[in-house]
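Mapped onto the UniProt record's numbering, the consecutive letters of the sequence shown carry residue numbers 1 to 234. Cβ coordinates follow ideal geometry from the N, Cα and C atoms, glycine included.
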Amino acid sequence: MSCEELHSILHLVLQAGNIMNAGGYAGNAVGFKLSSLLKLADTRANKPGMNLLHFVAQEAQKQDAILLHFSEKLQHVQETSRLSLDVTEMELHSLFARTKSLQENIQRDQELAQQMEDFLQFAVEKLSELELWNRELQGEAHTLIDFFCEDKETMKLDECFQIFRDFCTRFNKAVKVWLWALPCFQSLRYSFFCLQTQSSAHGRTMVISSLVSGPSGLVSWQVLGRDEGEVALL
């Protein structure tokens with residue numbers, strides 16, 4: 001939550017999305033679903049090999065080259081993406097149940113119960129600490145999910161981390177492609193097009209938006225036209 005570089009990247013994504021959706025119901029959004037980060041590469045430009053993720057990387061470089069390295073501050077997501085709070089809670093409950101069962105079983109042998117007393121007391125204390133830690137982790141997870149305006153009931157912590165893990169990987173790949181594999185594209189003017197279908201009292205309307213970029217950055221954006229009725233996509 002404290003990574004300012006990530007905040008800037010997300011803001012660039014939001015800006016690009018609003019431009020692409022200009023004239024439509026989503027053209028003035030104040031946010032977006034985190035899962036949308038993994039769909040940026042699906043929006044392709046009119047130049048081979050270019051997509052919206054490359055555009056975001058280009059704009060990040062022009063704003064501040066340090067933004068291209070935001071993933072260096074998120075290295076922990078690689079490990080935490082494998083953490084499932086549901087599985088952790090199940091394992092914790094299982095340990096509590098097994099410890100309680102052991103306590104009950106050794107009561108039949110007083111000598112064994114005395115020998116195991118210190119160990120069981122230590123185990124119960126540690127399990128209680130783990131339970132407290134788990135509750136705190138649940139609270140931190142809800143805070144993180146709230147921060148990104150996601151639904152706590154549907155978004156899981158591991159899913160959140162997996163999205164950022166995959167986005168970091170794809171963004172870094174896009175940066176390498178943009179800076180090294182496709183240097184010629186940096187001098188080209190290219191466009192993205194967005195087709196949206198809107199419904200109204202007069203029927204369905206297709207809104208066609210264009211985002212045009214060139215060597216100096218964003219050149220222009222515009223609503224190219226509206227076609228009411230049946231629309232043929234060529």
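| 8 Å Cβ cutoff, K176 in contact with chain C | Considering every chain present, this structure includes no chain C. It has just one protein chain.
| said: For the structure I just gave you, are there three or more beta carbon pairs, one from the stretch 161–179 and one from the stretch 61–76, closer than 8 Å? | reply: Yes, they touch.
| Three-state secondary structure (DSSP) of R82 | Coil.
| query | What are the boundary residues of the alpha helix (DSSP H) that includes L133? | reply | First, the residue type needs correcting, since residue 133 is Trp and not Leu in the sequence shown. Segment 110–147, the alpha helix (DSSP H) holding W133.
| request: With DSSP as the reference, please indicate the residues paired to M105 in a beta bridge. | output: The sequence given here has Asn at residue 105, not Met. N105 pairs with nothing; no bridge assigned.
| query | To the nearest angstrom, how far is it from the Cα of residue 235 to the Cα of S84? | reply | Not covered by the structure: residue 235. The range shown for the chain is 1 to 234.
| query | Does DSSP put N51 in a helix, a strand or coil? | reply | In the structure shown, the three-state DSSP call for N51 is strand.
| message | Spatial neighbours of M116 within its chain, please: C-beta separation below 6 Å, excluding the five flanking residues on both sides. | response | Residues of the same chain with a CB within less than 6 Å of the CB of M116, apart from the 5 flanking positions on each side, are I106 in chain order.
| field | Spatial distance of F161 from E125 (CA atoms) | value | The C-alpha of E125 is placed about 30 Å away from the C-alpha of F161.
| Buried or exposed (CB count within 10 angstroms, at least 16 for buried), V87 | By the neighbour-count rule (16 or more Cβ atoms within 10 Å), V87 is not buried but exposed.
| query | Which of helix, strand or coil does DSSP assign to A22? | reply | Of the three classes helix, strand and coil, the one that applies to A22 here is coil, per DSSP.
| Across which residues does DSSP place R98 in a beta bridge pair? | By DSSP's assignment, R98 forms no beta bridge with any residue.
| CA-to-CA distance, Q138 to Q144, given in whole angstroms | Residue identity check: residue 144 is Leu in the sequence provided, not Gln. Distance between the alpha carbons of L144 and Q138 is about 10 Å.
| request: Rounded to whole angstroms, what's the CA-CA distance from E89 to R98? Just pull it up for me. | output: Cα to Cα, the separation comes out at about 14 Å.
| Exposed or buried, H54, counting other C-beta atoms within 10 Å across all chains shown (16 or more means buried)? | With 16 or more other Cβ atoms within 10 Å, it is buried.
| query | To the nearest angstrom, how far is it from the Cα of G31 to the Cα of L14? | reply | Those two C-alpha atoms are separated by around 7 Å.
| message | Using only CA atoms, which one of L34, Q110, E111, T43 lies nearest to N21? | response | When only C-alpha atoms are compared, the closest one is T43.
| request: With DSSP as the reference, label A65 as helix, strand or coil. | output: When secondary structure is reduced to three states using DSSP, A65 falls in the helix class.
| query | Helix, strand or coil for A16 per DSSP? | reply | A16 sits in a helix when the DSSP states are folded into three classes.
| request: Please work out which residues of its chain come closer than 7 Å, Cβ to Cβ, to N28, disregarding the five sequence neighbours upstream and downstream, and give them in chain order. | output: So the list reads N18, once near-sequence residues are dropped.
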